[in-house]
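Numbering (UniProt numbering), first residue to last: 1 to 203.
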């Protein structure tokens, strides 16, 4: 085999080897770029949901409550002191209780056995007071969405947001009022005064 022929074969092998090497490096580089792009996208997603990821819920110990229902509350003063820490960007306060509906009815359970509520508490519902409903975890995470109206804002009184099933069952809309009576399960005082709350939102 002549020198020229050997040189040609050498050049062809070199080109083929370089092509294979280039193809391998290009494949690895493409894979790394894809991984970096995915990591960046996930990081942006975490930043967008940062207000959810760093949410902490505080409540009183249920083992130290003397009313038998395990519904102890943190005082407003304690909540404000916690909120004053520089690490706390903001907070919402909430409290749960029972109320007696005086001009509306709860949505029927609809089980085969019928409604299990006894007649004495058939109009009793759970009511949750909250300083800013938009920041509630259930709304912030998208578990619940507002269908009409607006959210509850800090400092408001006698305003409520209700579930659409409750509104439909009682033919209520935004702007209507519902009358809420005293907690029939735990309240033992003589004051039977009720409040009229405006529906400002439906979820």
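Note that beta-carbon positions come from the ideal geometry of N, C-alpha and C, so glycine has one too.
Helix, strand or coil at residue i [DSSP, three-state]
i, result
"residue 66", "Note on residue 66: pLDDT 46, under 50, position unreliable in the model; no value is reported."
"residue 74", "coil"
"residue 46", "Because residue 46 sits at a pLDDT of 46, beneath the cut-off of 50, its placement in the model cannot be relied upon, and the point is left open."
"residue 87", "coil"
"residue 30", "helix"
"residue 93", "coil"
"residue 53", "Any reading at residue 53 needs caution, since the residue's pLDDT is 48, under 50, leaving its predicted position unreliable; the model's value is listed next. Reduced to three states, the DSSP call for residue 53 is helix."
Enclosing beta strand (DSSP E) for residue i [first to last residue]
i, result
"residue 126", "124-130"
"residue 199", "195-202"
CB of residue i within 7 Å of CB of residue j, strictly
i, j, result
"residue 82", "residue 135", "no"
"residue 180", "residue 197", "yes"
"residue 211", "residue 101", "Absent from the model: residue 211. The displayed extent of the chain is 1 to 203, so no value can be given."
"residue 144", "residue 138", "yes"
"residue 131", "residue 154", "yes"
"residue 97", "residue 183", "yes"
Segment limits, alpha helix (DSSP H) that includes residue i
i, result
"residue 104", "Residue 104 -> no alpha helix (DSSP H), and no H or E assigned at all."
"residue 138", "137-140"
Exposure label - residue i; buried when at least 16 CB within 10 Å
i, result
"residue 202", "buried"
"residue 109", "exposed"
"residue 199", "buried"
"residue 206", "The structure shown does not extend to residue 206, since the chain spans only 1 to 203, so no value can be given for it."
"residue 178", "buried"
"residue 152", "buried"
Exercise. Along the chain, which unbroken stretches of the beta strand (DSSP E) at least 3 residues long are found entirely within the stretch 156-187?
Worked result: 159-162, 177-181
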